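*Asks:* Supplied in structure tokens, the structure appears directly below.
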Amino acid sequence: MSEHIAEANEAADSTAETQHRNLALLVYVLQGFGFVTGGLTWLAALLVNYLKMSEVRGTWLESHFRWQLNTFWYGLLWSFVAALFWLVLLGWLAGGLVTVWLLYRIIKGLLYLNDSKPIIF
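Here numbering that gives the first Met the number 0 is used: the first residue of the sequence shown is 0, the next is one more, and so on.
In structure tokens form, the structure reads like this:
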């Protein structure tokens, strides 16, 4: 009897992890599409992160959710800084650097997620 309970618990844990992993993947995809939607999907990704963070707390996926949140907030900050550089005609350079940094974080996160590894900051 206890074996069946243990198997049921393992199956439930596996299902929950798969769902949370899919959510992390969804957030990376939404962040990636942010480059073609003018940033609208970034807001959806942010919402998913904040609504589901408590469910992944204490798991290896928590590092991905934190990584995604940091990517959003620092990306927003660096975008504002890049916008200021447009005033001195260096905005294209600053904007390009922000874009490369954002793409790096999205791709790195996807690769670690694919390998089922946490991200170490």
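Virtual Cβ for every residue (Gly too), placed ideally from N, Cα, C. A quick note: this is a predicted structure, and the numbers were derived from the prediction, not measured.
If I measure Cβ to Cβ from F64 and keep anything under 8 Å in the same chain, skipping five residues before and after, which residues do I get?
*Replies:* A23, V26, N48, K51, M52 and V55
*Asks:* For a test of the three-state rule: what should DSSP assign to I105, helix, strand or coil?
*Replies:* If DSSP states are grouped into helix, strand and coil, I105 belongs with the helices.
*Asks:* Would you report the Cα separation of L83 and I106, rounded to the nearest angstrom?
*Replies:* 27 Å
*Asks:* Taking the continuous alpha helix (DSSP H) assigned at F71, which residues delimit it?
*Replies:* L60 to F84
*Asks:* Taking 8 Å as the threshold (C-beta atoms), are Q67 and A44 in contact?
*Replies:* yes
*Asks:* If I measure Cβ to Cβ from F71 and keep anything under 8 Å in the same chain, skipping five residues before and after, which residues do I get?
*Replies:* Cβ within range, chain order: Q30, W41, A44, L45 and N48.
*Asks:* Is the distance from the Cβ of W59 to the Cβ of P117 below 8 Å?
*Replies:* Yes, the pair counts as a contact, with Cβ atoms nearer than the cut-off.
*Asks:* What does the alpha-carbon distance come out to for the pair I111 and L88?
*Replies:* Per the sequence presented here, residue 111 reads as Tyr, with Ile not at that position. Approximately 37 Å, taken between the alpha carbons.
*Asks:* Of the choices I119, L109 and F120, whose alpha-carbon is the least far from that of R20?
*Replies:* L109
*Asks:* What does the Cβ neighbour count give for L92, buried or exposed, with the cut at 16 atoms within 10 Å?
*Replies:* exposed
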